[in-house]
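Residue numbers (the numbering used here), protein chains in the order written: chain H, 1 to 215; chain S, 1 to 215. Quick reminder that beta carbons are idealized off the backbone N, C-alpha and C, glycines included.
There are 2 protein chains.
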Amino acid sequence: MSASTGKRSQAERRAHSIARLVDATIDSLAADGYARTTTSAICRSAQLSQGALFRHFASRVELIALATEEVSRRHLALLSEKLLAVRETRSADPIRALVLTMRSQARSPEHAAWHEVMVAARSDHELHALVAPTLQAFEQSLLQAVEEVLALPIQARGKERTRVGTIMLSLMHLFDSEAMTSAIYRNPRLEDDRADWLCDVLRNELDALYRVTAS
Amino acid sequence: MSASTGKRSQAERRAHSIARLVDATIDSLAADGYARTTTSAICRSAQLSQGALFRHFASRVELIALATEEVSRRHLALLSEKLLAVRETRSADPIRALVLTMRSQARSPEHAAWHEVMVAARSDHELHALVAPTLQAFEQSLLQAVEEVLALPIQARGKERTRVGTIMLSLMHLFDSEAMTSAIYRNPRLEDDRADWLCDVLRNELDALYRVTAS
DNA sequence: GCACAAAGAAAGCGCGCGCTTGCTATCTTT
DNA sequence: AAAGATAGCAAGCGCGCGCTTTCTTTGTGC
Numbered sequence: 001m002s003a004s005t006g007k008r009s010q011a012e013r014r015a016h017s018i019a020r021l022v023d024a025t026i027d028s029l030a031a032d033g034y035a036r037t038t039t040s041a042i043c044r045s046a047q048l049s050q051g052a053l054f055r056h057f058a059s060r061v062e063l064i065a066l067a068t069e070e071v072s073r074r075h076l077a078l079l080s081e082k083l084l085a086v087r088e089t090r091s092a093d094p095i096r097a098l099v100l101t102m103r104s105q106a107r108s109p110e111h112a113a114w115h116e117v118m119v120a121a122r123s124d125h126e127l128h129a130l131v132a133p134t135l136q137a138f139e140q141s142l143l144q145a146v147e148e149v150l151a152l153p154i155q156a157r158g159k160e161r162t163r164v165g166t167i168m169l170s171l172m173h174l175f176d177s178e179a180m181t182s183a184i185y186r187n188p189r190l191e192d193d194r195a196d197w198l199c200d201v202l203r204n205e206l207d208a209l210y211r212v213t214a215s
Numbered sequence: 001m002s003a004s005t006g007k008r009s010q011a012e013r014r015a016h017s018i019a020r021l022v023d024a025t026i027d028s029l030a031a032d033g034y035a036r037t038t039t040s041a042i043c044r045s046a047q048l049s050q051g052a053l054f055r056h057f058a059s060r061v062e063l064i065a066l067a068t069e070e071v072s073r074r075h076l077a078l079l080s081e082k083l084l085a086v087r088e089t090r091s092a093d094p095i096r097a098l099v100l101t102m103r104s105q106a107r108s109p110e111h112a113a114w115h116e117v118m119v120a121a122r123s124d125h126e127l128h129a130l131v132a133p134t135l136q137a138f139e140q141s142l143l144q145a146v147e148e149v150l151a152l153p154i155q156a157r158g159k160e161r162t163r164v165g166t167i168m169l170s171l172m173h174l175f176d177s178e179a180m181t182s183a184i185y186r187n188p189r190l191e192d193d194r195a196d197w198l199c200d201v202l203r204n205e206l207d208a209l210y211r212v213t214a215s
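And the structure:
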């Protein structure tokens with residue numbers, strides 16, 4: 001008997017519906033933006049009624065808040081996976097692979113959803129209060145993940161370690177803003193120049209780091 | 001006879017009302033975000049009726065589009081002014097002054113308004129079509145202004161000149177994203193580390209540039 | 001097996017949105 | 001000064017929003 005026709009417990013049905021709503025919310029945030037992520041659009045996408053949505057969530061922002069937690073998890077998991085792949089794969093140009101990984105991450109749907117929530121939280125105080133802890137934890141986790149994956153191989157400590165975190169977070173910011181404006185500016189040549197420049201910058205950084213850790 | 005009580009021509013009244021509406025729109029975009037920049041909020045702030053607004057603009061997005069043009073102008077004027085001040089003032093640390101200028105620019109209300117329009121245009125096709133030319137021209141003007149103000153003193157040509165543009169636009173992007181997340185993350189230490197790092201990067205760049213232009 | 005609780009659908013409610021209408025007041029043209 | 005054009009206001013219209021209510025279906029504890 002298939003899962004769809006078979007009997008399911010209330011807990012299973014509940015968890016399944018919530019998951020569908022969260023998925024639909026994330027998809028809508030990434031594709032249509034915060035303002036167009038309405039309860040009716042979410043329910044249409046999740047194939048559930050509005051009554052069902054408000055059975056599980058007290059308000060729209062509460063659902064958005066849970067979706068934001070899930071976005072953080074997925075964002076982090078995706079990036080960690082990519083960064084580990086960069087470290088494991090013996091690339092001819094690992095610095096370039098690293099830079100392009102950060103760029104692709106900033107262009108992902110997960111990141112677009114994150115960005116929409118960030119912007120909306122700036123002027124929606126209720127949303128701000130609900131998602132601020134999640135987003136702050138996200139930044140810390142990102143910092144930690146990046147330092148763990150990248151700083152270990154060069155055995156850097158203290159100041160050098162935090163510097164790597166600062167740089168990678170800055171890379172994320174840069175590509176975040178670039179991705180947001182990309183569809184308007186449509187200037188791939190500039191974007192490639194930027195990637196090239198960042199590769200140079202990171203190579204300089206790495207040289208400096210090796211000099212420190214070698215002494 | 002004062003300007004407010006004195007008789008004014010239709011053209012003057014028209015221009016004055018439009019200017020008030022544009023100002024109110026920009027203020028609202030910066031303070032309350034795109035979604036909360038409603039026609040009623042704009043009219044309340046401009047002290048005009050909705051009928052008056054729709055006498056001058058066919059739709060809300062049309063007003064937003066005109067406001068976006070004004071935002072571009074102000075943004076550009078403000079930055080040029082700051083950059084010239086940096087160049088004229090004999091600072092002990094001109095690089096740091098430059099970096100902090102870019103950061104303060106990204107934290108300005110003008111930039112916040114620009115960001116709101118950018119994000120909204122991603123998922124609003126009508127707005128996108130109306131503001132894309134303005135925003136593209138803005139990027140080009142920014143590039144030009146930055147190159148004019150900064151590249152001249154070191155007499156760079158061709159490749160070096162475009163590289164300066166790429167870097168400054170990247171700085172703008174970085175601080176754009178940082179400013180957007182600043183109220184959530186509340187991590188001034190990281191932001192200062194970032195500024196320090198960018199000063200180092202720019203010093204390296206400048207060294208390289210001088211090496212090229214000297215040979 | 002039966003009373004009860006939880007999940008879900010359908011319809012509807014109040015509200016604020018973008019925008020229109022009908023009108024008056026103010027300038028402009030002749 | 002008359003006649004037409006323009007600026008501006010107050011009221012209201014249709015619509016889609018977040019959310020609630022009412023009712024039916026489905027799983028659960030005794």
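Item, Value
"From H:199, H:176 and H:164, residue whose alpha carbon lies closest to that of residue 197 of chain S", "H:164"
"Cβ neighbours of residue 40 of chain H in the same chain (closer than 8 Å, five flanking residues each side left out)", "50"
"Assigned secondary structure, residue 43 of chain H (DSSP; H/G/I helix, E/B strand, else coil)", "helix"
"Distance, residue 144 of chain H Cα to residue 13 of chain S Cα", "59 Å"
"Beta-carbon neighbours of residue 176 of chain H, restricted to chain S and to distances below 7 Å", "177"
"Ranges of the alpha helix (DSSP H) found wholly within the segment 34 to 92 of chain S, counting only runs of at least 4", "39 to 46, 50 to 56 and 60 to 88"
"Length of the line joining the Cα atoms of residue 125 of chain H and residue 205 of chain S", "41 Å"
"Min CB distance residue 166 of chain H to chain S below 8 Å", "yes"
"Residue 7 of chain H in three-state terms, based on DSSP", "coil"
"Cutoff 6 Å; reference residue 60 of chain H; Cβ partners in own chain excluding five residues on either side", "39"
"For residue 103 of chain S, three-class secondary structure by DSSP", "helix"
"Selection of the segment 111 to 123 of chain S by Cβ proximity to chain H, strictly under 9 Å", "112, 115, 116, 118, 119, 120, 121, 122 and 123"
"Residue-chain proximity (residue 158 of chain S, chain H), Cβ-Cβ < 8 Å", "no"
"As assigned by DSSP and simplified to three states, the class of residue 216 of chain H", "Residue 216 of chain H is absent from the structure shown; chain H starts at 1 and stops at 215."
"Chain-ordered chain S contacts of residue 20 of chain H [CB-CB under 7 Å]", "Within chain S, no residue comes near residue 20 of chain H; the closest Cβ sits about 22 Å away, beyond 7 Å."
"Short CB-CB distance (under 8 Å) between residue 181 of chain H and chain S", "yes"
"Which of helix, strand or coil DSSP assigns to residue 187 of chain S", "coil"
"Of the residues S:136, S:209 and S:181, the one placed nearest residue 184 of chain H, counting alpha carbons only", "S:136"
"Contacting residues, own chain, Cβ-Cβ under 8 Å from residue 78 of chain H (five flanking each side not counted)", "105, 108 and 110"
"Spatial neighbours of residue 202 of chain H in its chain, beta-carbon cut-off 6 Å, leaving aside the 5 residues before and after", "95"
"Alpha carbon of residue 172 of chain H to alpha carbon of residue 65 of chain H, nearest angstrom", "22 Å"
"Straight-line gap, residue 132 of chain S to residue 62 of chain S (C-alpha atoms, nearest Å)", "13 Å"
"CA-to-CA distance, residue 9 of chain H to residue 181 of chain H, given in whole angstroms", "46 Å"
"Pair within 8 Å by beta-carbon distance, residue 120 of chain S and residue 127 of chain S", "yes"
"Where residue 182 of chain S sits in the DSSP three-state scheme", "helix"
"Inter-residue spacing [alpha-carbon to alpha-carbon] between residue 168 of chain S and residue 146 of chain S", "7 Å"
"Members of the segment 131 to 146 of chain S that neighbour chain H once the beta carbon cut-off is set at 7 Å", "132, 135, 136 and 139"
"Whether residue 123 of chain H touches residue 176 of chain S by CB criterion (8 Å)", "no"
"Interface residues of chain H facing residue 71 of chain S [CB-CB closer than 9 Å]", "Within 9 Å Cβ-Cβ: nothing; residue 71 of chain S doesn't reach chain H, min ~14 Å."
"Top-ranked residue by Cα proximity to residue 209 of chain H, from H:138, H:21, H:37 and H:150", "H:150"
"Residues of its chain near residue 52 of chain S, where Cβ-Cβ distance is below 7 Å and the 5 sequence neighbours each way are ignored", "17"
"Contact with chain S by residue 33 of chain H, beta-carbon distance below 8 Å", "yes"
"Alpha-carbon to alpha-carbon, residue 81 of chain S and residue 90 of chain S", "15 Å"
"Check whether residue 174 of chain S and residue 170 of chain H have beta carbons under 8 Å apart", "yes"
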